[in-house]
Every structure is written in C-alpha cells, then in structure tokens.
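In the numbering used here, the protein residues as written are 60 to 224.
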Ligand SMILES: CC(C)(COP(=O)(O)OP(=O)(O)OC[C@H]1O[C@@H](n2cnc3c(N)ncnc32)[C@H](O)[C@@H]1OP(=O)(O)O)[C@@H](O)C(=O)NCCC(=O)NCCS
C-alpha cells in the first residue's frame with residue numbers, strides 16, 4: 060500500500076469518534092411498526108460524515124456505503140446508538156466503520172443491529188477530491204487490526220470497481 064504524506068500530522072481515532080443516540084418516533088417506522096431501513100441508513104451516513112469531517116477538518120462527501128445488513132428489528136420508542144470511527148485514511152479518502160445498537164434504557168445493554176463501512180472523500184470548494192491533511196494514529200491492537208481489515212476491504216472495492224460488479 061503506497062505511503063501518503065500528511066502535512067498537518069496525525070489524529071487519533073478517538074479525536075473523531077462520533078456517537079449519536081436517536082429515539083425511534085412514529086415518522087421513523089414502516090407499516091409493521093419497525094424502524095424504516097432507510098432512516099437507519101440516513102443516521103449511519105450522518106454519523107460517518109461527522110466522524111470523517113472531524114478527522115479531515117474540512118468538507119467531505121460519501122462515495123460508497125458497504126454492508127448494510129439488518130440483523131434485528133428495531134421498534135417504536137427504541138433508543139438507537141450509532142457509533143462511527145475512522146478505520147483507515149488514504150490519500151483523499153478514508154473509511155469509517157459505523158456500528159448501530161439498540162440500547163435498553165434501564166441497564167444500557169446494547170444489542171448490535173448493523174455494521175456498515177463507508178468511504179468518505181475529502182473535497183475542495185469545487186467538489187473535487189483533495190488530499191487529506193491528517194494521517195491516522197493507531198492506538199492499540201484493535202485499531203491496528205481494523206486498519207489491516209480496511210486495507211483488505213479497499214482491495215476488494217478496487218477489484219469490484221475494475222470488474223464492474
Ligand atoms: C466522491 C467523488 C468526489 C470522487 O470523485 P472521483 O473523481 O471518483 O475521485 P478519484 O477517482 O480521484 O477518487 C478519490 C478517492 O475516492 C475513492 N473512491 C472514489 N470512488 C469510490 C468508490 N465508489 N468506492 C470507494 N472509494 C472510492 C478513490 O479510491 C480515491 O481514494 P484515495 O485518494 O484515498 O486513493 C465523486 O465521485 C462524487 O462527487 N460523488 C458524489 C458523492 C455524493 O454526492 N455523495 C452524497 C450521496 S448522493
């Protein structure tokens with residue numbers, strides 16, 4: 060993987076980590092009283108965008124969303140916790156992992172409902188991809204493992220794009 064220069068140094072994962080909690084209201088549910096999948100996608104995209112912007116310190120846009128698998132139903136009045144963390148920083152793009160949970164409001168026990176990986180691209184005032192000025196400082200084995208996994212996902216995305224599927 061080619062090395063990039065980051066003129067402003069590095070930021071840690073925790074510096075851009077974003078946690079958002081949403082309560083499911085009537086306008087968020089479908090005809091079966093379950094959270095509308097598109098609403099969760101919106102919340103995930105928003106959290107990933109905030110984390111990416113915090114890391115880059117400038118404007119970003121979402122280029123790609125991978126893996127939206129809905130593991131459990133979410134119902135009216137549930138609290139949904141969405142946690143976004145930067146996993147990998149490239150030249151102009153970065154990957155953000157977003158884990159979503161239903162949280163039991165008494166015990167605060169969390170049940171994972173979705174994990175998504177979003178590619179965000181740093182853009183200039185003309186909307187063109189522009190270099191990210193901060194690298195990612197990895198702290199601990201989990202963050203190093205996540206970076207390694209992200210490089211595999213990056214290769215997979217490039218293969219997918221090259222082969223047109
Ligand atoms: C994202 C966008 C700026 C990228 O422009 P582009 O001309 O493809 O730019 P490049 O080919 O130079 O790629 C820029 C970076 O994005 C990455 N990238 C581009 N398309 C990608 C995709 N589909 N999936 C994953 N990464 C992608 C490239 O790998 C590159 O990363 P790197 O610099 O870290 O190596 C452009 O496609 C765009 O504006 N898309 C619309 C985004 C938008 O409006 N999103 C909101 C939801 S509708």
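Ideal Cβ placement from N, Cα and C applies to all residues, glycine included.
Nonlocal neighbours in the same chain, by C-beta distance under 6 Å from residue i, ignoring five residues either side
| i | result |
| --- | --- |
| residue 131 | 172 |
| residue 78 | 142 |
| residue 120 | 180, 182 |
Where residue i sits in the DSSP three-state scheme
| i | result |
| --- | --- |
| residue 213 | helix |
| residue 183 | coil |
| residue 138 | strand |
| residue 197 | coil |
| residue 165 | coil |
Cut-off 8 Å between Cβ atoms - residues of its own chain near residue i, not counting five sequence neighbours on either side
| i | result |
| --- | --- |
| residue 193 | 65, 67, 68, 69, 70, 114, 115, 116, 148 |
| residue 92 | 134, 135 |
| residue 80 | 138, 139, 140, 141, 162 |
| residue 82 | 136, 137, 138, 139 |
Spatial distance of residue i from residue j (CA atoms)
| i | j | result |
| --- | --- | --- |
| residue 191 | residue 140 | 28 Å |
| residue 214 | residue 207 | 11 Å |
| residue 182 | residue 129 | 30 Å |
| residue 62 | residue 153 | 14 Å |
| residue 144 | residue 90 | 32 Å |
| residue 142 | residue 223 | 31 Å |
| residue 127 | residue 100 | 8 Å |
| residue 76 | residue 98 | 21 Å |
Sequence-distant residues of its chain with Cβ nearer than 7 Å to residue i (five each side left out)
| i | result |
| --- | --- |
| residue 189 | 151, 181, 182, 183 |
| residue 170 | 131, 160, 161 |
- Query: Are there three or more Cβ pairs, one per stretch, closer than 8 Å when the region 132-142 is compared with the region 196-210?
  - Reply: no
- Query: Near ligand 1, which residues have their beta-carbon less than 6 Å from any of its heavy atoms, given in chain order?
  - Reply: 120, 121, 122, 123, 149, 150, 151, 152, 178, 180, 182, 186, 188, 216
- Are there three or more Cβ pairs, one per stretch, closer than 8 Å when the region 94-111 is compared with the region 154-168? yes
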